[in-house]
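Same order as they appear, the protein sequences are chains A and B.
Here the first sequence is numbered in the numbering used here, starting from 13 and rising by one per residue.
Here the second sequence is numbered in the numbering used here, starting from 184 and rising by one per residue.
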Amino acid sequence: AQTVTQSQPEMSVQEAETVTLSCTYDTSESDYYLFWYKQPPSRQMILVIRQEAYKQQNATENRFSVNFQKAAKSFSLKISDSQLGDAAMYFCAYRSAIRGNTPLVFGKGTRLSVIA
Amino acid sequence: NAGVTQTPKFRVLKTGQSMTLLCAQDMNHEYMYWYRQDPGMGLRLIHYSVGEGTTAKGEVPDGYNVSRLKKQNFLLGLESAAPSQTSVYFCASSYSGRWGETQYFGPGTRLLVL
Chain A
13 AQTVTQSQPE
23 MSVQEAETVT
33 LSCTYDTSES
43 DYYLFWYKQP
53 PSRQMILVIR
63 QEAYKQQNAT
73 ENRFSVNFQK
83 AAKSFSLKIS
93 DSQLGDAAMY
103 FCAYRSAIRG
113 NTPLVFGKGT
123 RLSVIA
Chain B
184 NAGVTQTPKF
194 RVLKTGQSMT
204 LLCAQDMNHE
214 YMYWYRQDPG
224 MGLRLIHYSV
234 GEGTTAKGEV
244 PDGYNVSRLK
254 KQNFLLGLES
264 AAPSQTSVYF
274 CASSYSGRWG
284 ETQYFGPGTR
294 LLVL
């Protein structure tokens, strides 16, 4: 079974600075998707960024980018120019692209605080 | 376009009571999911459905039942609530096939079982 590990329960960053959240995963599959979700205090789960394993180029969405290292099974999220609104729980998630439709497998999350 | 909606937003139950959580989506998605979120545990899949009339068990299905009588609705039932079911419940939906890699989440239902 696939597992997703987020080794940093909590992180903090100064406003306007850059922070990197770590995520590693374990799988024997070669084709899959990886995601980062943001969960603010409202509890809504918001998709931040996604990466397809067969694409070598790292995904970017405005201030959010990933460092996808397939061989190392690592998928870190970099937030540049951090803003107060970035404060939230961040979840890394995995989904197989091989075995039909399979649900997401989530990590336990990293709580990010942004200091003004 | 409301996306994924959940009813109710918050509920308090006594041990042994029953209730049904409703999830509705207006995106014509084939797949729907129920997760629970507990502190330090992340999100865990309870049940999911790949189409109208079909359901399957997830990681933590015990104590829950589900039904998908209509494509747009996915119901989660607790027949006899227990304090261990105190949690935040999220519903999600997605397209089928390869393009279904992105799940859209509802706002969550907070359930407290006393």
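Beta carbons are placed, not taken as given, at the ideal position from N, Cα and C, and that holds for glycine.
Every value quoted in this text rests on a predicted model; they were computed, and no experiment measured them.
Nearest-angstrom Cα separation, counted from residue j out to residue i
i	j	result
B:Gly199	A:Ser88	43 Å
B:Met224	A:Gln68	31 Å
B:Ser279	B:Ala207	17 Å
A:Ser42	A:Lys82	9 Å
B:Pro266	B:Val195	11 Å
B:Ser263	A:Leu124	37 Å
B:Lys197	A:Ser94	43 Å
A:Pro52	A:Thr114	26 Å
B:Gly246	B:Leu297	16 Å
B:Leu226	B:Asp209	23 Å
Proximity winner among the options, relative to residue i (alpha-carbon distances)
i	options	result
A:Ala105	A:Cys35, A:Ile91, A:Ala99, A:Gln26	A:Cys35
A:Asp98	A:Ala13, A:Gln14, A:Val31	A:Val31
A:Lys50	A:Val60, A:Tyr44, A:Glu41, A:Ala65	A:Val60
A:Leu96	A:Leu46, A:Gln26, A:Gln18	A:Gln26
B:Thr190	B:Thr285, B:Val271, B:Gln286, B:Leu297	B:Val271
A:Met101	B:Met202, B:Pro222, B:Tyr218, B:Trp217	B:Pro222
DSSP beta-bridge partners of residue i
i	result
A:Arg62	A:Phe47
B:Thr190	B:Leu205
B:Tyr214	B:Ser277
A:Ser24	A:Ser125
B:Gln220	B:Leu226, B:Val271
A:Leu89	A:Leu33, A:Val78
Chain-order list of residues whose beta-carbon lies under 7 Å from that of residue i (same chain, five-residue window excluded)
i	result
A:Ser92	Thr30, Arg75
Neighbourhood of residue i by C-beta distance below 6 Å, restricted to the same chain and skipping five residues each side
i	result
A:Lys85	Thr36, Tyr37
B:Leu295	Val195, Thr269
Residues near residue i by beta carbon distance below 8 Å, same chain, minus five either side
i	result
A:Met23	Val31, Leu33, Thr122, Arg123, Leu124, Ser125
A:Ile127	Ser24, Val25, Gln26, Glu27
Beta carbon proximity, residue i to chain E, threshold 8 Å
i	result
B:Thr285	No chain E appears in this structure, whose protein chains are A and B.
Contact the segment 232–247 of chain B vs the segment 203–216 of chain B: 3+ CB pairs below 8 Å: Counting C-beta pairs with one atom in each stretch, the segment 232–247 of chain B and the segment 203–216 of chain B have three or more that are closer than 8 Å, which means they touch.
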